[in-house]
Each structure stands twice: as C-alpha cells, then as structure tokens.
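Peer 1:
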Amino acid sequence: MGSRLLCCVTSSFWDFLISSPTGLVESEIPQTPKYLIKSRKTGQKATLTCTQDLDHNCMYWYRQDLGQGLRLIHYSVAAPNTVKGDIPEGYSVSRPSTKAFPLTLESANHSQTSVYFCASSYSTVLHGHLLSMQKNR
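Residues -27 to -1, 1 to 110 in mature numbering (1 follows the signal peptide of the UniProt record, and there is no 0) are what the sequence shown spells out, letter by letter.
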C-alpha cells in the first residue's frame, strides 16, 4: 500500500456567548489537533479529540466536505454511550467522560480528507429529527 496525504481540519463548532442566570458566559469547545495533515500508509489510525467543560450531556461529531452541508458521524447523549450517525463507516468514537469525545479514523485514507466539527449541548437537538423519522416508518 502506498502513502497517501490525509488532511483533517478540525474547527471549534461552538465559540459563543451563553446566556445564564448570572449573565453571559463565554464558551469554547477545543478540538485538537486544530490541523492534522498526515502522510501515512493507508490503514493507519488517526484520532481527533474534542473536549468541553460545560457539563453538556450530548456531544456530536460532524464532517463537512467541500460544497456540502454538515453530515453527522457519531453522537453521544450521555457518557459512556455512543450512537452511530448518518455516516459512521470508517470512524469510531468513545465517551470516556462527560468532557471528552475523541473521534478515530480507523483506517485513514484520502476519502476522509475533510473538515471535522465537534459540538455539544445540554440535550440532544436530534429529538425532533428522530421523532419525525420514526413517524414515517
């Protein structure tokens, strides 16, 4: 197998001000490494980490390819549970704590070159989406 260039750009999906009873609180969800450019043989793993200190129950990993919208890879509604999203193939996640949600590209390859986003929330924003899908069955 030959070497391929894999480029993963992670971006803090949420860097905003939150309204709380005590006033506005600045929040950020750091993702590391911010830029991951690897020259490696196909089949090797690459891990992107995402942490939050807001005690949010829910965390999400998204992928956005050029000219496309966000696509959900995996999510978690509470540690240590994880759920597959719309495009889970080739990825794995774990939720070792409320604060952490690492994403692993199991067999890094050129087709996984993308911009990756991590997000968190107090409760899942997917409830309406999931309910509407269940109604159509």
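Glycine is no exception: its CB is placed at the ideal position from the N, C-alpha and C atoms. The model shown is predicted, which means the values in this text are computed figures rather than measured ones.
Between L21 and P75, is the Cβ-Cβ spacing less than 9 Å?
Peer 2: To locate residue 21, count along the sequence shown from 1; it is residue 48. To locate residue 75, count along the sequence shown from 1; it is residue 102. The Cβ atoms of L21 and P75 lie closer than 9 Å to each other.
Peer 1: Please determine, among Q17, R68, T86, the residue with the shortest C-alpha to C-alpha distance to A52.
Peer 2: Within the sequence shown, numbered from 1, the residue matching residue 52 stands at position 79. If we check each option's Cα against that of A52, R68 comes out closest.
Peer 1: Tell whether a beta-carbon distance below 9 Å holds between H29 and S93.
Peer 2: The residue labelled residue 29 in the question sits at position 56 within the sequence shown. The residue labelled residue 93 in the question sits at position 120 within the sequence shown. In contact: H29 and S93 (Cβ atoms closer than 9 Å).
Peer 1: Beta-carbon within less than 6 Å of Q37's beta-carbon, same chain only, minus the 5 sequence neighbours each way: which residues are those?
Peer 2: As a working mapping, residue 37 is identified with position 64 in the sequence shown. So the list reads L43, V88, once near-sequence residues are dropped.
Peer 1: Hey, G16 and S80 are a contact pair by Cβ (cut 8 Å); roughly how many whole angstroms apart?
Peer 2: As a first step, residue 16 must be located in the sequence shown, where it is residue number 43. As a first step, residue 80 must be located in the sequence shown, where it is residue number 107. At roughly 5 Å, the Cβ-Cβ gap stays under 8 Å, so G16 and S80 are in contact.
Peer 1: Can you find the residues in the same chain that come closer than 7 Å, C-beta to C-beta, to G101, ignoring five residues on each side of it along the sequence?
Peer 2: Residue mapping note: residue 101 aligns to position 128 of the sequence shown, counting from 1. Annotation note: pLDDT 45 at G101 (below 50); position unreliable, coordinate value reported separately. Counting only Cβ-Cβ distances below 7 Å, and skipping sequence neighbours, we find nothing.
Peer 1: If you draw a straight line from the C-alpha of S96 to the C-alpha of M32, how long is it?
Peer 2: Mapped onto the sequence shown, residue 96 falls at position 123. Mapped onto the sequence shown, residue 32 falls at position 59. Taking the straight line joining both Cα atoms gives about 9 Å.
Peer 1: In terms of alpha-carbon separation, which member of A19, K57, T24 lies closest to T71?
Peer 2: Reading the sequence shown from its first residue, position 98 is the one you call residue 71. Nearest of A19, K57, T24 to T71, Cα basis: T24.
Peer 1: Beta-carbon separation of A19 and T77 under 9 Å?
Peer 2: Translated into positions along the sequence shown, residue 19 becomes position 46. Translated into positions along the sequence shown, residue 77 becomes position 104. A contact, by the Cβ cut-off of 9 Å.
Peer 1: Around the C-beta of I46, are 16 or more other C-beta atoms found within 10 angstroms, so that it is buried, or is it exposed?
Peer 2: Looking up residue 46 in the sequence shown gives position 73. Answer is buried; the Cβ neighbour count reaches 16.
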